[in-house]
Amino acid sequence: MTVHIGVIGTGMIGQDHIRRITDVVTGAEVVAVTDVDAERAKEAADRVGTRALPTGQDIIADPLVDAVVVTSWGPTHAEYVLASIEAGKYVFCEKPLATTAEDGLRILEAEQAFGKRLVQVGFMRRYDAGYRSMKRVIDSGEIGAPLLLHCVHRNATVPETYHSDMAVQDTAVHEIDIVRWLLDDEIVATQVIRPRKTSKRFEHLQDPQLMLFETASGVRIDLEVFVNCQYGYDIQCETVGETGTVRLPDPADVWVRRAARHGTTVLQDWRPRFAAAFDLEFVEWVASIRNGQLTGPSSWDGYAVSVISDATVESLHSGRVVSVQLKDRPAFYGG
Ligand SMILES: NC(=O)c1ccc[n+]([C@@H]2O[C@H](COP(=O)([O-])OP(=O)(O)OC[C@H]3O[C@@H](n4cnc5c(N)ncnc54)[C@H](O)[C@@H]3O)[C@@H](O)[C@H]2O)c1
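Numbered by this note's numbering, the letters in the sequence shown go through residues 23 to 357 in order.
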């Protein structure tokens with residue numbers, strides 16, 4: 023069975039997913055695309071020989087579409103996810119699932135009322151080989167119970183439109199999801215500390231930021247977000263357990279020795295760092311649709327991450343520790 027996919031939003035990541043579904047994933051085909059910029063949708067459709075439809079609602083209602091990919095702007099996601107659930111169609115939604123907790127709850131309720139998981143959220147780090155190995159080590163018990171996590175998220179530079187809240191909403195959300203998944207534990211409190219600002223970028227931007235999280239079982243996580251570090255894209259994560267530690271490998275590249283120095287490259291962009299993870303994310307999403315049972319990040323994960331993200335933004339502004347107020351996790355989502 024081929025999974026016929028409709029894509030809403032043919033911007034940067036939408037085009038990349040269309041290419042991925044067409045060139046990388048077997049058993050899936052893009053049968054329609056749309057964008058509020060009709061010209062952009064037509065160009066994206068023509069590149070893979072498919073149809074451009076006028077609106078997202080047309081994509082969801084299209085009888086040829088089995089599953090929907092939502093890659094439009096964040097504030098439009100919840101509406102398309104809810105409409106997909108109403109149509110009984112699988113929907114892959116790039117982060118964020120919703121931009122308000124209320125919309126996140128509406129999605130949880132609609133999916134439970136439908137009676138089967140239909141929604142997957144695009145937290146692609148769960149498909150990264152390094153994080154998967156780290157989770158295997160933690161789950162095996164070989165480093166004992168986890169006590170601490172040290173995380174780093176650095177970008178070379180960001181544009182002037184990037185503002186301080188985005189360090190949480192656009193950047194740290196990936197760590198917020200991955201630490202919950204690695205530890206199989208929920209974040210219950212969050213705090214942002216504002217170090218001295220780098221002079222290399224904009225006056226309006228608090229950069230770097232130090233974020234501190236606490237989980238229900240008492241694990242403490244520190245996350246440095248530094249989005250104008252100048253030297254490259256650098257993701258680090260180390261878990262400290264009772265009897266050992268486990269850390270992510272650096273991306274593999276050759277080591278060069280010359281002129282009395284030796285060294286390797288640092289990636290400049292998130293795309294090559296997580297390209298293989300994005301590919302596997304779609305391979306596994308399509309396989310799970312064909313098996314009739316989704317296995318990836320759920321709408322509960324999307325809801326929880328947005329509530330934790332809101333609490334973290336609150337702390338960025340107040341400087342205080344903010345407790346995270348999540349609804350009880352429904353049994354439907356393994357609660
Ligand atoms: N998982 C990740 O690491 C990752 C990476 C990049 C982007 N994203 C997420 O993907 C989404 C898209 O990001 P992007 O960088 O591709 O943005 P983009 O601006 O390049 O593309 C978004 C596209 O959506 C279209 N659009 C906006 N509203 C629409 C609507 N109502 N209906 C149809 N089309 C609409 C826009 O015209 C644009 O072409 C964002 O939510 C972003 O956070 C996730």
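Quick reminder that beta carbons are idealized off the backbone N, C-alpha and C, glycines included. Note that the coordinates shown come from a computational prediction; the quantities given were computed from them, not determined experimentally.
C-beta contact flag for residue 233 and residue 190 at 9 Å: Yes, these two residues count as a Cβ contact at 9 Å.
Cβ contact check for the region 253-263 and the region 273-290: 3 or more pairs under 8 Å: They touch, by the three-pair rule.
Would you mind giving the Cβ-Cβ distance between residue 50 and residue 308, rounded to the nearest angstrom? I have them listed as a contact below 8 Å. 4 Å
Taking residue 77 as part of the beta strand (DSSP E), name the residues at either end of that continuous run. Segment: none, residue 77 is in no beta strand (DSSP E) and carries neither H nor E.
Going by the CB atoms, is the gap between residue 301 and residue 47 shorter than 9 Å? Yes, they are a contact pair.
Could you give the first and the last residue of the continuous alpha helix (DSSP H) run that contains residue 29? Note, residue 29: premise wrong, no alpha helix (DSSP H); beta strand (DSSP E) at 25-30.
Relative to the C-alpha of residue 40, which candidate in 105, 24, 70 has its C-alpha closest? 70
Heavy atom of ligand 1 less than 8 Å from the Cβ of residue 179, yes or no? no
Within 9 Å, strictly: CB atoms of residue 144 and residue 117: yes
Note down the Cα distance separating residue 174 from residue 217, rounded to an integer number of angstroms. 15 Å
Apart from the five residues just before and just after residue 126, which ones in its own chain have a Cβ nearer than 8 Å to its Cβ? 100, 119, 120, 321, 324, 325, 328, 329
Once you ignore the five residues that flank residue 240 on each side, which residues in its own chain have a CB closer than 6 Å to its CB? none
Just checking residue 292 against ligand 2 - is the residue's beta carbon closer than 8 Å to any of the ligand's heavy atoms? Here the bound small molecules are ligand 1; ligand 2 is not part of this structure.
Identify the continuous alpha helix (DSSP H) that holds residue 298 and give its terminal residues. 292-313
Using 8 Å as the threshold, is the region 224-231 in touch with the region 345-354, meaning 3 or more CB pairs across them? no
Which residues in the same chain as residue 88 place their Cβ atom closer than 6 Å to its Cβ, once the five residues preceding and following it in sequence are excluded? For residue 88, where only same-chain residues beyond five positions count, the Cβ hits under 6 Å are 25, 26.
Given a threshold of 16 other Cβ atoms within 10 Å of its Cβ, counted over all protein chains shown, does residue 170 qualify as buried or as exposed? exposed
Using DSSP with H/G/I as helix, E/B as strand and the rest coil, what is residue 197? The answer is helix: DSSP assigns residue 197 an H, G or I state.
Using a beta-carbon distance below 9 Å, is residue 265 in contact with chain C? No chain C is present in this structure, which holds just one protein chain.
Three-state class that DSSP yields for residue 333 in the structure shown: helix
Can you determine whether any heavy atom of ligand 1 sits closer than 8 Å to the C-beta of residue 65, and answer yes or no? Within the chosen limit of 8 Å, ligand 1 does not reach the beta carbon of residue 65 with any heavy atom.
Is residue 307 near ligand 1 - that is, is its Cβ less than 8 Å away from at least one heavy atom of it? Exclusion of residue 307 from the 8 Å shell around ligand 1 follows from its C-beta lying no nearer than that to any non-hydrogen atom of the ligand.
Helix, strand or coil at residue 168 according to DSSP, with G and I counted as helix: strand
By a C-beta neighbour count over all protein chains shown, 10 Å radius and 16 as the cutoff for buried, is residue 63 buried or exposed? buried
Report buried or exposed for residue 294, applying the criterion of at least 16 other Cβ atoms within 10 angstroms of its Cβ. exposed
Could you compute how far the alpha carbon of residue 310 sits from the alpha carbon of residue 340? Each residue's Cα considered, the two are about 42 Å apart.
Name the residue from 152, 131, 160 whose alpha carbon lies nearest to the alpha carbon of residue 267. Looking at the Cα atoms, 160 is the closest of the given residues.
Coarse secondary structure for residue 272, derived from DSSP in three states: coil
If distances are taken between C-alpha atoms only, which option among 124, 138, 122 comes closest to residue 5? There is simply no residue 5 to check, as the chain begins at 23 and stops at 357 in what is shown.
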